[in-house]
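To start, the structure under review is shown below, and the notes come after it.
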Amino acid sequence: MTIARVDRPRRAASAAAGASGTDAESLRRRHRRRSRLTALAFVTPLLAYLAAFYLYPLYRNLDLSLRDYTVRSFVAGDAPFSGWDNFQKVLDDPTFGPAMRHTMVFTFVSIAFQYVIGLALAVFFNRHFRLAPTLRALFLIPWLLPLIVSASTWSWMFNSESGVVNYFLHFLGVSPVGWLTSPDWALTSVIVANIWIGIPFNLVILYSGLQNIPADLYEAAALDGASAWQQFRRITFPLLRPVSAITLLLGLVYTLKVFDLIWIMTKGGPGDASSTLATWSYQLGFGTLLPKFGPGAAVGNILILIALVFGLLYIRVQRRQEA
Amino acid sequence: MIPTRRTLLAALAAVGTLASLTACGGGSGSSDSSSGKAGGTYTFWDPYPQFDASSAWGKLVTGCGTKAGVKLKRTAYDTTDLGNKALLAAQQGNAPDVMLVDNPVVSTLVEAGILNKTSDLGLDTKAIQKNIIGAGTIDNASYGVPIGANTLALYYNKKVLSAAGVDAASIKDWNSLTAALKKVKAAGKKGITFSAINTEEGSFQFLPWFWGAGGDLTKLNSARGVAALSLWKQWVDAGYAPKDVLQNTQTTSWQEFATGDYAFGENGTWQLGNAAKAGFDYGIINIPGQNGGSAPVPTGGEFVTVPVQKDTGRYDVSKKIVTCLTSDANLLPTDTTLQYVAPTAAVQAEQVKQNPKLKPWVDAVAAARGRTSGGLGTKYPTISQPMWTAVQAALSGSKSPQDALDTAQSSAQKG
Numbered sequence: 277m278t279i280a281r282v283d284r285p286r287r288a289a290s291a292a293a294g295a296s297g298t299d300a301e302s303l304r305r306r307h308r309r310r311s312r313l314t315a316l317a318f319v320t321p322l323l324a325y326l327a328a329f330y331l332y333p334l335y336r337n338l339d340l341s342l343r344d345y346t347v348r349s350f351v352a353g354d355a356p357f358s359g360w361d362n363f364q365k366v367l368d369d370p371t372f373g374p375a376m377r378h379t380m381v382f383t384f385v386s387i388a389f390q391y392v393i394g395l396a397l398a399v400f401f402n403r404h405f406r407l408a409p410t411l412r413a414l415f416l417i418p419w420l421l422p423l424i425v426s427a428s429t430w431s432w433m434f435n436s437e438s439g440v441v442n443y444f445l446h447f448l449g450v451s452p453v454g455w456l457t458s459p460d461w462a463l464t465s466v467i468v469a470n471i472w473i474g475i476p477f478n479l480v481i482l483y484s485g486l487q488n489i490p491a492d493l494y495e496a497a498a499l500d501g502a503s504a505w506q507q508f509r510r511i512t513f514p515l516l517r518p519v520s521a522i523t524l525l526l527g528l529v530y531t532l533k534v535f536d537l538i539w540i541m542t543k544g545g546p547g548d549a550s551s552t553l554a555t556w557s558y559q560l561g562f563g564t565l566l567p568k569f570g571p572g573a574a575v576g577n578i579l580i581l582i583a584l585v586f587g588l589l590y591i592r593v594q595r596r597q598e599a
Numbered sequence: 010m011i012p013t014r015r016t017l018l019a020a021l022a023a024v025g026t027l028a029s030l031t032a033c034g035g036g037s038g039s040s041d042s043s044s045g046k047a048g049g050t051y052t053f054w055d056p057y058p059q060f061d062a063s064s065a066w067g068k069l070v071t072g073c074g075t076k077a078g079v080k081l082k083r084t085a086y087d088t089t090d091l092g093n094k095a096l097l098a099a100q101q102g103n104a105p106d107v108m109l110v111d112n113p114v115v116s117t118l119v120e121a122g123i124l125n126k127t128s129d130l131g132l133d134t135k136a137i138q139k140n141i142i143g144a145g146t147i148d149n150a151s152y153g154v155p156i157g158a159n160t161l162a163l164y165y166n167k168k169v170l171s172a173a174g175v176d177a178a179s180i181k182d183w184n185s186l187t188a189a190l191k192k193v194k195a196a197g198k199k200g201i202t203f204s205a206i207n208t209e210e211g212s213f214q215f216l217p218w219f220w221g222a223g224g225d226l227t228k229l230n231s232a233r234g235v236a237a238l239s240l241w242k243q244w245v246d247a248g249y250a251p252k253d254v255l256q257n258t259q260t261t262s263w264q265e266f267a268t269g270d271y272a273f274g275e276n277g278t279w280q281l282g283n284a285a286k287a288g289f290d291y292g293i294i295n296i297p298g299q300n301g302g303s304a305p306v307p308t309g310g311e312f313v314t315v316p317v318q319k320d321t322g323r324y325d326v327s328k329k330i331v332t333c334l335t336s337d338a339n340l341l342p343t344d345t346t347l348q349y350v351a352p353t354a355a356v357q358a359e360q361v362k363q364n365p366k367l368k369p370w371v372d373a374v375a376a377a378r379g380r381t382s383g384g385l386g387t388k389y390p391t392i393s394q395p396m397w398t399a400v401q402a403a404l405s406g407s408k409s410p411q412d413a414l415d416t417a418q419s420s421a422q423k424g
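The listed protein sequences correspond, in order, to chains L and S.
If you read the first sequence in this note's numbering, its first letter stands for residue 277, the second for the next number, and so on.
If you read the second sequence in this note's numbering, its first letter stands for residue 10, the second for the next number, and so on.
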């Protein structure tokens, strides 16, 4: 985009000079070549970066998932091409169904709560009361903490023996719950932690969206006697729709690939009660003494495909909004 | 026109970058192998990041390099990282000259074809106990020299046991152990803590019970295997063991035991130093078998290995370094620092003379088995992973021990 902007005035200038003969023609050509070289010089670092850090790893991952890698052929680099075998193996694995289901539940439940709570908080802070900026800043803390810290803290809080959550439940007369050790609760617990981590992101984006809604609309609505709820339903929510769409779609792509939080809290356990595609892929590739690179990469690629679908959806939505 | 040309240029730029990257890789590799025979720098990897260059271990490594006439460059990795790092390095053709790896990883690296046989290097391994070197022996050839061994036993808290009226000497089999746990719980204390996490650590801790019931790793769902898993499940269900064993690593399990509330803790030799600091009187008993006697325990500990190099001239020096590291004179201080049991009878005797508390550990190591021994080799990882999953499924209550182990057996057979 920047390049196009650099191009434009030059081309206009050379077009103006181009009225007089061949001399101007060659000048114009030289001009154009030089501007193209400049453009190339600007774009090369980006291309090199994309190739080295995106294209090549993606290509390697695809290659890994399409070959029958054993530790021996991994080292020797002579793994035979096996087509879709790894994908077939992964799809037939009894872990696949639960992992897929957990990934979807984890993603959609997380997003729904993050969005609703984030929106509620954004509307709340939009009322500009005293301390609002300070409180809003405090809500960003989950975002600022390193994930290893927040995930470990959650894991301690949810500990079935000495965790603070069970301690409070004890005061309320509720018997202790195996938050991370019961197959019925493990997925819920990691979702709760993930919601807490995701709220600030939703809050920040939705809050900035709220800033763009003109205040006179609310004034007019108030004059017409609209209640607070009506104002939210008829003004805030519809006008926030573009921002909401972006928030939800970005959240979707981020949440799909959450790995570290689950790995630190449960390692996908107990059994595979909280394993998602991301943790399963890691488990296959690095979680045992004998790495299964092929199937691990295959699961990773499936995850990339799902994220890609949502990514394309995001681009489409964005394009429609710009149009 | 312009868009297509741009794409072409982009593609060219991409190819250019890749080519330059591979060129870099090749360059560094060739300069490595040209770094001469005598003198020069040799590389050494170990899984002991807790020891820096100024530690006794760090000095020993440097010293062995100097003795062999070279500069030995030591790099320490986290133990779970080391196996994969070694595979990657071998793929890039720059594996270290000498590498210390956790024993069950040896068979994986052998399968990858990146380790030399000790017999090809001319290393003498006769003095080493058969069961310890077993973990690094594949098809009757050994691929490394153990630096030391550790294993598991039951630590017990003397005060908790006497308050509950339990005599540690009375614990001979599973029944008497469960009875003791019952008494401890009745006395208002906590029973036993161990690690049943869904990683290799969980399998390591489960094996003494699995083997103690006479279980066979190639038949996970036999009645014996089910008996072992039922024992653990019974403890967790009855509250003799806490539910968070499912999340416990051996370190967090130790921390629970160190609170002083628990009667027993299943843990290893490496906690002896912490046990002295725990602030209460402790004792150690060997893990009992189902019907009495000591259960076979898995061996832990590292092997010194020599990865395959393009320049075979380097092996002479590597051999000198290995011999130096595993000489009796050096094993004693090394195993004392690492809190390991030495792999040779002579050094073990020395260790017990220095510290009589090590006696039960020396006995336990003598009765220990390698996880990858008995021809299992790289089959072990494909059994271990379903096994720890089964332990988790049964203890968390999502499956019965029999169902969990049936599932484990069928996925272990698929490999």
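Glycine residues also receive a C-beta, built at the ideal position from the N, C-alpha and C atoms.
- Burial state of ALA355 (chain S) is exposed, judged by a 10 Å Cβ sphere holding fewer than 16 other Cβ atoms.
- In chain order, PRO342 and THR346 place their CB closer than 7 Å to the CB of ALA65 (chain S), counting only its own chain and leaving out the 5 sequence neighbours on each side.
- Take the alpha-carbon of PHE401 (chain L) and the one of PHE447 (chain L): they are about 33 Å apart.
- Within the model, the alpha-carbon separation for GLN363 (chain S) versus PHE477 (chain L) is close to 60 Å.
- Relative to ALA355 (chain L), the option among L:LEU323, L:LEU340, L:LEU407 and L:GLY373 whose CA is nearest is L:LEU340.
- Every alpha helix (DSSP H) stretch that sits fully inside the stretch 130-200 of chain S and reaches 4 residues is listed by chain position as 139-142, 167-172 and 183-195.
- Under the three-state reduction of DSSP output, ILE293 (chain S) falls in the strand class.
- For SER458 (chain L), the chain S residues whose Cβ falls inside 8 Å of its Cβ are LYS252, SER405 and GLY406, in order along the chain.
- Taking 7 Å as the CB threshold, GLU301 (chain L) stays off the interface with chain S.
- Judged by DSSP secondary structure, GLU275 (chain S) falls within the beta strand (DSSP E) whose first and last residues are 271-277.
- For SER358 (chain L), the CB contacts under 8 Å within the same chain, skipping 5 residues up- and downstream, are LEU342, ARG343, ASP344 and GLY570 in chain order.
- Residue state for THR429 (chain L) is assigned as helix, using DSSP reduced to three classes.
- When the alpha-carbon of GLY485 (chain L) is set against those of L:ASP299, L:ALA398, L:PRO374 and L:LYS365, the nearest one is in L:ALA398.
- Within chain L, the residues whose beta carbon sits less than 8 Å from that of VAL114 (chain S) are LEU565, listed in sequence order.
- Just so you know, the alpha carbons of THR552 (chain L) and ALA324 (chain L) end up roughly 33 Å apart.
- Taking one beta carbon from each stretch, the stretch 372-385 of chain S and the stretch 300-312 of chain S have 3 or more pairs nearer than 8 Å; the two touch.
- At least one beta carbon of chain S lies nearer than 7 Å to the beta carbon of PRO546 (chain L).
- Judged by beta-carbon spacing, PRO410 (chain S) lies within the 7 Å limit of ALA403 (chain S), meaning their Cβ atoms are closer than that value.
- Pairwise C-beta distances place the stretch 92-106 of chain S out of contact with the stretch 286-303 of chain S, as fewer than three of them are shorter than 8 Å.
- Residues of chain S whose Cβ lies closer than 7 Å to the Cβ of PHE562 (chain L) are, in chain order, ASN93.
- For PHE401 (chain L), there is no enclosing beta strand (DSSP E); the residue is found in the alpha helix (DSSP H) stretching over 372-401.
- Shown here for LEU395 (chain L): same chain residues with a beta carbon closer than 6 Å to its own, the five before and five after excluded, namely LEU482 in chain order.
- LEU411 (chain L) has its alpha-carbon roughly 29 Å from the corresponding atom of PHE535 (chain L).
- Neighbours of VAL468 (chain L) in chain S, taken as residues whose beta carbon is under 8 Å from its own, are absent, since the nearest beta carbon is some 16 Å off.
- By the rule that beta-carbons nearer than 7 Å mark a contact, SER436 (chain L) touches chain S.
- Three or more Cβ pairs closer than 8 Å define a contact, and the stretch 319-331 of chain S falls short of that threshold against the stretch 196-209 of chain S.
- DSSP places LEU516 (chain L) outside any alpha helix (DSSP H), giving it a letter other than H or E.
- Taking the CA atoms as reference points, GLU301 (chain L) sits about 42 Å from PHE329 (chain L).
- Straight-line measurement puts the Cα of GLN138 (chain S) at about 6 Å from the Cα of PRO352 (chain S).
- Counting only runs of at least 3 residues, the stretch 296-364 of chain S fully encloses the following beta strand (DSSP E) elements, listed from N- to C-terminal order: 311-314.
- VAL70 (chain S): member of the alpha helix (DSSP H) spanning 65-76, first to last residue.
- Under the three-state reduction of DSSP, TRP54 (chain S) is assigned to strand.
- In the DSSP secondary-structure assignment, MET108 (chain S) is bridged to S:TRP54 and S:THR314.
- Contact check for SER428 (chain L) against GLY454 (chain L) fails: the beta carbons are separated by 7 Å or more.
- When Cβ-Cβ separations below 7 Å define contact, GLY153 (chain S) makes no contact with chain L.
- When C-beta distances to chain L are compared with 7 Å, the residues of the stretch 207-233 of chain S below that value are ASN207, THR208 and GLU209, in chain order.
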